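Only one structure is covered here, and it is reproduced in the block below.
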DNA sequence: CTGCTCGTGTGACAAATGTTACTGTGGCTA
DNA sequence: TAGCCACAGTAACATTTGTCACACGAGCAG
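Chains as they are written, first to last, in full-length UniProt numbering: chain A, 1 to 211; chain B, 1 to 211.
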């Protein structure tokens, strides 16, 4: 096995060897730097990305350039939107931005149907991806539909901590405000209250979660 | 062809005859009355519904029983959630309520994989359903994330009119308030403003769209 | 050190939305 | 007819969130 095949196998342990070989033979490896925008709203989708390393965030853009975080993509995952949109010449409904330097496999959309038909493990992966992302998006809807900003902030912090696997969050209040589509002052205010309730410790560019 | 097969063919013109025969042989027809709740949050999904007639609404429930409308299901459609969740013994994340008396085909989840593998037209239907529902949900997110209640109300009214194919909406302010997760007074207020702007005409239990 | 930028804290106020309370009106039924 | 109920209108007020203005301190560049 080549190094690349091993990398795929590690990130996607459920893929059959056949599947990995076919992917390996028909796709390319790509790297992206933190801050890169891989996919933009309105852009045509020509391929699907399998994430091997790093982290992406997927968000929805408002008309005036507001951002709204939907979910993070990590190694072993793929963008649900691209898995499906890719089948018909569709434009992207979301924006994908690199959070930590990413290494990924690019699968051309022309291969998608073939993989789907010939590889059970690919089919299961697609279905699983769709289901989990749909659930995640439903949870996002819950948050904005039913919860006030203080709860949404708590949820956001926890999710972020989970995504990076640590309890210290290195984000400015401004960045958080952007992702929750509110203003810095509101976040400052709410974080202060959380600090008073003993839920967090605040420092410059750093929030320590105590929950 | 039996009457039922004809009905399926009419509502789902893209289904191949083979596919329809297989569905016909392995599934049952069911009717539901307006007001029935077909699927509840937390319930196990044991089958998928293909809608032949009538109308369903799919919504998300909050912890305190709030409702939040996601989309309508109409003839020729199926619940995206059930198409996917059905593959693994999953519980429903949403609630489905009958708006107009429904006739539907119930497909047991055990059949799903087989249909997916053997029928191209089923595969395409599932992918199409997923994609369009995901897009619809993204639009819903846009609305609650980026727009104020007045715009959301306009969007809601237009969508409702589109769903029933007419410009007169027979809903009380209270019902609208529930689906947008706000209070009746707010809806009354906003509708009054819309009337003053000449966008609607208001009558008891009736809103006439002029846009 | 000085001056600058960035991130943060905070008060004052505006706007949107949620809540409470009360009114009126149409239609139904006893 | 009287009484009841669902629906709608609206005023007054509370709460949440957004906006503006300004101050402070850490850290960096000159």
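Even glycine gets a Cβ: it sits at the ideal position worked out from N, Cα and C. Being a predicted model, the structure only gives us computed values, none of them experimental.
*Compare the Cα-Cα distances from residue 142 of chain A to each of B:126, B:181, B:43 and report the closest residue.*
Locating residue 142 of chain A in the first chain gives position 142, where the first residue counts as 1. Sorting B:126, B:181, B:43 by C-alpha distance to the C-alpha of residue 142 of chain A places B:181 at the top.
*Would you report the Cα separation of residue 53 of chain A and residue 78 of chain A, rounded to the nearest angstrom?*
Working through the first chain from its first residue, we reach residue 53 of chain A at position 53. Working through the first chain from its first residue, we reach residue 78 of chain A at position 78. Taking the straight line from one Cα to the other gives about 12 Å.
*Inspect the CB distances between the region 22-41 of chain B and the region 97-114 of chain B and report whether three or more fall short of 8 Å.*
yes
*residue 186 of chain A to residue 10 of chain A, Cα distance in whole Å?*
Numbered from its first residue, the first chain carries residue 186 of chain A at position 186. Numbered from its first residue, the first chain carries residue 10 of chain A at position 10. Looking at the two C-alpha atoms, the distance is approximately 42 Å.
*Which bits of chain B does residue 130 of chain A rub up against, with CB to CB less than 7 Å?*
The residue you call residue 130 of chain A lines up with position 130 of the first chain. Result: 84, 130.
*Can you grab the Cα-Cα spacing for the pair residue 167 of chain B / residue 90 of chain B, in whole Å?*
Counting from 1 along the second chain, the entry for residue 167 of chain B is found at position 167. Counting from 1 along the second chain, the entry for residue 90 of chain B is found at position 90. Cα to Cα, residue 167 of chain B sits roughly 39 Å from residue 90 of chain B.
_Along the chain, where does the beta strand (DSSP E) containing residue 33 of chain A start, and where does it finish?_
For this step, residue 33 of chain A is matched to residue 33 along the first chain. No beta strand (DSSP E) holds residue 33 of chain A; DSSP gives it neither H nor E.
*Mind checking residue 119 of chain A: buried by the 16 CB within 10 Å criterion, or exposed?*
Numbered from 1 along the first chain, position 119 holds the residue referred to as residue 119 of chain A. Answer is buried; the Cβ neighbour count reaches 16.
_Taking 8 Å as the threshold (beta carbon to beta carbon), is residue 155 of chain B in contact with chain A?_
As a position in the second chain, residue 155 of chain B is number 155, starting the count at 1. No, its Cβ sits nowhere closer than 8 Å to a Cβ of chain A.
*Skipping 5 residues on each side, what residues in its chain have a beta carbon closer than 7 Å to that of residue 210 of chain A?*
The residue labelled residue 210 of chain A in the question sits at position 210 within the first chain. Excluding sequence neighbours, residue 210 of chain A sits near 198, 199, 200, 201.
*asked:* By the 7 Å beta-carbon criterion, what residues does the UniProt domain "HTH crp-type" (147-211) of chain A contribute toward chain B?
replied: 181
*Which residues in chain A sit within 7 Å of residue 43 of chain B, going by Cβ to Cβ distance?*
The residue you call residue 43 of chain B lines up with position 43 of the second chain. By Cβ distance, chain A contributes nothing, its closest Cβ being about 15 Å from residue 43 of chain B, past 7 Å.
*Reference residue 190 of chain B; option with closest CA among B:160, B:61, B:152, B:170*: Looking up residue 190 of chain B in the second chain gives position 190. For the residues B:160, B:61, B:152, B:170, the minimum Cα distance to residue 190 of chain B belongs to B:152.
_Strictly by DSSP, which residues pair up with residue 47 of chain B?_
Your numbering for residue 47 of chain B matches position 47 in the second chain. Per DSSP, B:108.
*Give the single residue among A:145, A:115, A:93 whose Cα lies nearest to the Cα of residue 59 of chain B.*
As a working mapping, residue 59 of chain B is identified with position 59 in the second chain. Comparing Cα positions, the closest option is A:145.
*asked:* I believe residue 107 of chain A touches residue 16 of chain A by the beta-carbon criterion, under 8 Å. Please report the beta-carbon distance rounded to the nearest angstrom.
replied: As a first step, residue 107 of chain A is located in the first chain; it is residue number 107 there, counting from the start. As a first step, residue 16 of chain A is located in the first chain; it is residue number 16 there, counting from the start. With a Cβ gap of about 15 Å, residue 107 of chain A and residue 16 of chain A do not count as contacting.
*Between residue 15 of chain B and chain A, is there a C-beta pair that is closer than 8 Å?*
Taking the first residue of the second chain as 1, we reach residue 15 of chain B at position 15. Not closer than 8 Å to any Cβ of chain A, the Cβ of residue 15 of chain B fails to qualify, so no.
*Ignoring anything shorter than 3 residues or poking outside the UniProt domain "HTH crp-type" (147-211) of chain A, list the beta strand (DSSP E) runs there in chain order.*
200-203, 206-209
*Please go through the same chain and pick out, in chain order, the residues whose beta-carbon is closer than 8 Å to the beta-carbon of residue 92 of chain A, but skip the five residues on each side of it.*
Taking the first chain and counting its residues from 1, one reaches residue 92 of chain A at position 92. Here residue 92 of chain A has 39, 40, 41, 42, 43, 44, 45, 81, 82, 85 as same chain residues with Cβ atoms under 8 Å from its own Cβ, once five neighbours each way along the sequence are excluded.
*What does residue 62 of chain A reach in chain B if we use C-beta pairs closer than 9 Å?*
The residue labelled residue 62 of chain A in the question sits at position 62 within the first chain. Within 9 Å Cβ-Cβ: 142, 145, 146, 147.
*Going by the beta-carbon positions, is the gap between residue 104 of chain A and residue 50 of chain A smaller than 8 Å?*
As a working note, residue 104 of chain A is residue 104 in the first chain. As a working note, residue 50 of chain A is residue 50 in the first chain. Yes; because the gap between Cβ atoms is below 8 Å, this pair is in contact.
_Assuming residue 56 of chain B and residue 102 of chain B are in contact, meaning their beta carbons sit under 8 Å apart, how far apart are those beta carbons, in whole angstroms?_
Within the second chain, residue 56 of chain B is the residue found at index 56, counting from 1. Within the second chain, residue 102 of chain B is the residue found at index 102, counting from 1. Confirmed, about 6 Å.
*asked:* Using 8 Å for Cβ pairs, my map puts residue 98 of chain A next to residue 32 of chain A. What's the rounded Cβ distance?
replied: Residue 98 of chain A sits at position 98 when you count from the first residue of the first chain. Residue 32 of chain A sits at position 32 when you count from the first residue of the first chain. Right, their Cβ atoms sit about 5 Å apart.
_When you compare the CB of residue 138 of chain B with every CB in chain A, is at least one pair closer than 8 Å?_
Sequence index remark: in the second chain, residue 138 of chain B carries index 138 (1-based). Flagged as an interface residue toward chain A: residue 138 of chain B, by a C-beta distance shorter than 8 Å.
*asked:* Tell me which residues of the region 92-107 of chain B have at least one Cβ-Cβ distance to chain A shorter than 9 Å, keeping chain order.
replied: 93, 94
_Cross-chain neighbours of residue 51 of chain B in chain A, by beta carbon under 8 Å_ = Here the question's residue 51 of chain B lines up with position 51 in the second chain. None at all; the shortest Cβ gap to chain A is about 19 Å.
_Quick check on the DSSP output: the beta strand (DSSP E) that includes residue 94 of chain A runs from which residue to which?_
Locating residue 94 of chain A in the first chain gives position 94, counting from the first residue. It is not in any beta strand (DSSP E) - residue 94 of chain A carries neither H nor E in the DSSP assignment.
*Mind checking if residue 135 of chain A is an interface residue toward chain B, Cβ cutoff 8 Å exclusive?*
Taking the first chain and counting its residues from 1, one reaches residue 135 of chain A at position 135. Residue 135 of chain A counts as touching chain B.
*asked:* For residue 175 of chain B and residue 163 of chain A, what's the separation of their Cα atoms in angstroms?
replied: Sequence index remark: in the second chain, residue 175 of chain B carries index 175 (1-based). Sequence index remark: in the first chain, residue 163 of chain A carries index 163 (1-based). Whole-angstrom Cα-Cα distance: 39 Å.
*Determine the burial state of residue 194 of chain A: buried for a count of at least 16 other Cβ atoms within 10 Å of its Cβ, exposed for fewer.*
To locate residue 194 of chain A, count along the first chain from 1; it is residue 194. By the neighbour-count rule (16 or more Cβ atoms within 10 Å), residue 194 of chain A is buried.
*Pick from A:13, A:71, A:65: whose alpha carbon is nearest that of residue 157 of chain A?*
Counting from 1 along the first chain, the entry for residue 157 of chain A is found at position 157. For residue 157 of chain A, the closest of A:13, A:71, A:65 by C-alpha to C-alpha distance is A:71.
*Determine the burial state of residue 100 of chain A: buried for a count of at least 16 other Cβ atoms within 10 Å of its Cβ, exposed for fewer.*
Stepping through the first chain from its first residue, residue 100 of chain A is reached at position 100. Answer is exposed; the Cβ neighbour count stays below 16.
*Just the C-alpha distance for residue 73 of chain B and residue 133 of chain B, rounded to the nearest angstrom, thanks.*
The sequence position of residue 73 of chain B within the second chain is 73, counting from 1. The sequence position of residue 133 of chain B within the second chain is 133, counting from 1. Using only the alpha carbons, I get a separation of about 10 Å.
*Residues in its own chain within less than 7 Å of residue 1 of chain A by CB, not counting five upstream and five downstream?*
Within the first chain, numbered from 1, the residue matching residue 1 of chain A stands at position 1. Only weak support exists for where residue 1 of chain A lies, its pLDDT of 46 falling under 50; the coordinates are left without a value.
*asked:* Going by the DSSP bridge assignment, what does residue 60 of chain A pair with across the sheet?
replied: On the first chain, position 60 is the one that residue 60 of chain A refers to. The partner list for residue 60 of chain A (beta bridge, DSSP) reads A:68.
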